[in-house]
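Undergrad: The opening position of the sequence shown corresponds to residue 1 in full-length UniProt numbering, with each subsequent residue numbered one higher. Here a beta-carbon is modelled for each residue, glycine too, at the ideal position from N, C-alpha and C. Dropping the structure in here first, questions after.
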Amino acid sequence: MALVKFQTENFRNLSSAPVSFSSSFNLLYGENGSGKTSVLEAIGYLGLGRSFRVNRHQAVVSHGEQRLTVFGGLDHGLDSRRHGSETDLVHRLGISRDVGQKETMLRVDGEAVRSLSALAKHLPVSVIDPGVFDVVAGGPGKRRQFLDWLVFHVEPSFGSLWQQCQRVTSQRNQTLRNGRLDEALLRVWDHQYATLSERITEARAGTFGRFKLAFEKLVREVEVPWTEGLKLEYYPGWDVSRPLAELLVDHRDQERKVGHTLYGPNRADIRLKFQGRPVAETFSRGQQKTLVILMKIAQGMVLSAMGKQVTFLLDDINAELDEGHRAMLAIRLQALRCQVFITSIERPMVDQLWPEGNAPDYRLFHVEHGKLTEE
Ligand SMILES: Nc1ncnc2c1ncn2[C@@H]1O[C@H](COP(=O)(O)OP(=O)(O)OP(=O)(O)O)[C@@H](O)[C@H]1O
1 MALVKFQTEN FRNLSSAPVS FSSSFNLLYG ENGSGKTSVL EAIGYLGLGR SFRVNRHQAV
61 VSHGEQRLTV FGGLDHGLDS RRHGSETDLV HRLGISRDVG QKETMLRVDG EAVRSLSALA
121 KHLPVSVIDP GVFDVVAGGP GKRRQFLDWL VFHVEPSFGS LWQQCQRVTS QRNQTLRNGR
181 LDEALLRVWD HQYATLSERI TEARAGTFGR FKLAFEKLVR EVEVPWTEGL KLEYYPGWDV
241 SRPLAELLVD HRDQERKVGH TLYGPNRADI RLKFQGRPVA ETFSRGQQKT LVILMKIAQG
301 MVLSAMGKQV TFLLDDINAE LDEGHRAMLA IRLQALRCQV FITSIERPMV DQLWPEGNAP
361 DYRLFHVEHG KLTEE
């Protein structure tokens, strides 16, 4: 599916006029501060339930306003011959946040829904912005987030499984922090935590397997010589040769001392090694960026193979990637039939993105003072 109708109210500096997008490529250009990133941020808000730029909802609502809203209409996307007219919409999504009341309201097809995953499952949004390169350069949390985004879209039960596990972890942590050790209660939490952890690990490992196959295929196709000797490995967060419940009992004193859970899915990682050493210590900045781009494309490959269309938000990539890598990314995303939004300051040179002259169906927008004008 693709986001073809879009409207916001009180979202940063964006105008509330409705916009129609292409289910293929959308190129947005405009000067600094015109609102390009805010458009992508609002699309991301709909698919992720939060801003990919800031943690506080308060920053996103237009100055002096209390409530922001983002609406989106989805059509069948590139797998359908029908494009974009109102009658072709298959889902209507809405998210509204009242920053005073700290309340979020979600709607799918006119019905109120409680869980963000009900919205998110319809719109897999993948962001490529200057912050994305932390997937390689940053800590394990960034890589868990990267993997879990894919697991969520591959395994329908993952979202609720993860939430249950977070609840049990927090209760277990409280018990660990209690002055008097209640071993019987801890054993109850251990058991629940271990059961959920094993299910999460199974879902993550299965999805990681698919991701790794896609990544290896991609690397063979694009022939990047420096990836030879690169190893991607999933680390579940503990030594899985032993049952987690048993390991927790063995490390009781250590966990009580720190007052929180030290083993399990909250410690998982994708380990990226080149000739046995962490990539972040070995690869150049440019190589690390290319690696992240390849990993992002591989995620798209996994979902495309399942018939899901990913909406990619490419913010300010001109500053991060050279012309060759930008073209590689555009061509790959086009081949995967993804929906893509690209921002730039200058009017984009379409023949630079598609040097072979095979540009897809695209729409070009000029952004000025938060308003999109199609050209
Ligand atoms: N909460 C808000 N309410 C109203 N306006 C805001 C709010 N937050 C930011 N702005 C303004 O909205 C504009 C949008 O900024 P945005 O980051 O989307 O621009 P951009 O086109 O991506 O710029 P750049 O090319 O510099 O990255 C800026 O002028 C900013 O000052």
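Can at least three beta-carbon pairs, one atom from the region 239 to 257 and one from the region 347 to 359, be found at a separation below 8 Å?
TA: No, they do not touch.
Undergrad: In three-state DSSP terms, what is VAL222?
TA: Taking the first residue of the sequence shown as 1, we reach residue 222 at position 222. Helix at VAL222.
Undergrad: Kindly examine ligand 1 and report whether one of its heavy atoms sits closer than 8 Å to the Cβ of GLY30.
TA: Counting from one through the sequence shown, the residue named residue 30 turns up at place 30. Result yes, Cβ under 8 Å from ligand 1.
Undergrad: Hey, how far is the Cα of ARG256 from the Cα of LEU247?
TA: The residue labelled residue 256 in the question sits at position 256 within the sequence shown. The residue labelled residue 247 in the question sits at position 247 within the sequence shown. For ARG256 and LEU247, the distance between alpha carbons rounds to 14 Å.
Undergrad: If I measure Cβ to Cβ from ASN13 and keep anything under 6 Å in the same chain, skipping five residues before and after, which residues do I get?
TA: Taking the sequence shown and counting its residues from 1, one reaches residue 13 at position 13. GLY35 and GLY370, listed in sequence order.
Undergrad: ASP75 by DSSP, collapsed to three states: which one?
TA: Residue 75 sits at position 75 when you count from the first residue of the sequence shown. Strand, per DSSP.
Undergrad: Just verifying my parser: in three-state terms, what is the DSSP assignment at ILE345?
TA: One-based indexing of the sequence shown puts residue 345 at position 345. Coil.
Undergrad: Given a threshold of 16 other Cβ atoms within 10 Å of its Cβ, counted over all protein chains shown, does SER24 qualify as buried or as exposed?
TA: Looking up residue 24 in the sequence shown gives position 24. SER24 is buried by the Cβ-count criterion.
Undergrad: Look at the alpha carbon of TYR263 and the alpha carbon of ARG204, and state the distance between them as a whole number of angstroms.
TA: Within the sequence shown, the letter at position 263 stands for residue 263. Within the sequence shown, the letter at position 204 stands for residue 204. In a straight line, the C-alpha of TYR263 is about 16 Å away from that of ARG204.
Undergrad: Check whether the region 125 to 134 touches the region 42 to 62, taking contact to mean three or more Cβ pairs, one atom from each stretch, closer than 8 Å.
TA: At 8 Å Cβ cutoff, the stretches touch.
Undergrad: Can you grab the Cα-Cα spacing for the pair ILE342 / GLN309, in whole Å?
TA: Walking along the sequence shown from the start, residue 342 turns up at place 342. Walking along the sequence shown from the start, residue 309 turns up at place 309. Roughly 16 Å separates the two Cα atoms.
Undergrad: Taking only the alpha-carbon atoms, compute the straight-line gap between LEU336 and GLU281 and give it to the nearest angstrom.
TA: On the sequence shown, position 336 is the one that residue 336 refers to. On the sequence shown, position 281 is the one that residue 281 refers to. When rounded, the distance between both Cα atoms is 32 Å.
Undergrad: For the alpha helix (DSSP H) containing TYR45, list its first residue and its last residue.
TA: Within the sequence shown, residue 45 is the residue found at index 45, counting from 1. Per DSSP, TYR45 belongs to the alpha helix (DSSP H) from 36 to 48.
Undergrad: Can you grab the Cα-Cα spacing for the pair VAL108 / SER115, in whole Å?
TA: Along the sequence shown, read from residue 1 onward, the residue named residue 108 stands at position 108. Along the sequence shown, read from residue 1 onward, the residue named residue 115 stands at position 115. Approximately 11 Å, taken between the alpha carbons.
Undergrad: Is it the case that the Cβ atoms of VAL340 and ALA327 are separated by a distance below 9 Å?
TA: In the sequence shown, residue 340 corresponds to position 340, counting from 1. In the sequence shown, residue 327 corresponds to position 327, counting from 1. Contact flag unset, no.
Undergrad: Taking GLN7 as part of the beta strand (DSSP E), name the residues at either end of that continuous run.
TA: For this step, residue 7 is matched to residue 7 along the sequence shown. Residues 2 to 9.
Undergrad: What do you reckon, is the C-beta of HIS57 under 8 Å from a heavy atom of ligand 1?
TA: What you label residue 57 is simply residue 57 of the sequence shown in a count that begins at 1. The answer is no for HIS57.
Undergrad: Give every residue of the same chain whose Cβ lies closer than 7 Å to the Cβ of THR175, excluding the five residues on either side of it in the sequence, and list them in chain order.
TA: Counting from 1 along the sequence shown, the entry for residue 175 is found at position 175. Contacts found: ASP182, LEU185, LEU186 and TRP189.
Undergrad: Can you list the residues near ligand 1, meaning Cβ strictly closer than 5 Å to any non-hydrogen atom, in the order they appear in the chain?
TA: Result: ARG12, ASN13, ASN32, GLY33, SER34, GLY35, LYS36, THR37, SER38, SER62 and HIS63.
Undergrad: Below 7 Å CB to CB, which residues in the same chain sit around GLN299 once its five sequence neighbours on both sides are set aside?
TA: Here residue 299 refers to the residue found at position 299 of the sequence shown. Once the five neighbours on either side are set aside, the close Cβ partners of GLN299 are SER126, LEU150 and PHE211.
Undergrad: Nearest to GLY131 by CA position, among LEU313, GLU356 and LEU372, is which residue?
TA: Sequence index remark: in the sequence shown, residue 131 carries index 131 (1-based). Per the Cα distances, LEU313.
Undergrad: Beta carbon of HIS76, beta carbon of VAL90: below 9 Å?
TA: Reading the sequence shown from its first residue, position 76 is the one you call residue 76. Reading the sequence shown from its first residue, position 90 is the one you call residue 90. Cβ distance < 9 Å, so HIS76 and VAL90 count as in contact.
Undergrad: Can you give, in chain order, each stretch of the beta strand (DSSP E) that sits fully within the region 83 to 148 and has at least 3 residues?
TA: You should have 91 to 98, 103 to 108, 111 to 113 and 125 to 128.
Undergrad: Mind checking which residues open and close the beta strand (DSSP E) that includes PHE365?
TA: In the sequence shown, residue 365 corresponds to position 365, counting from 1. From DSSP, the beta strand (DSSP E) with PHE365 extends over 362 to 368.
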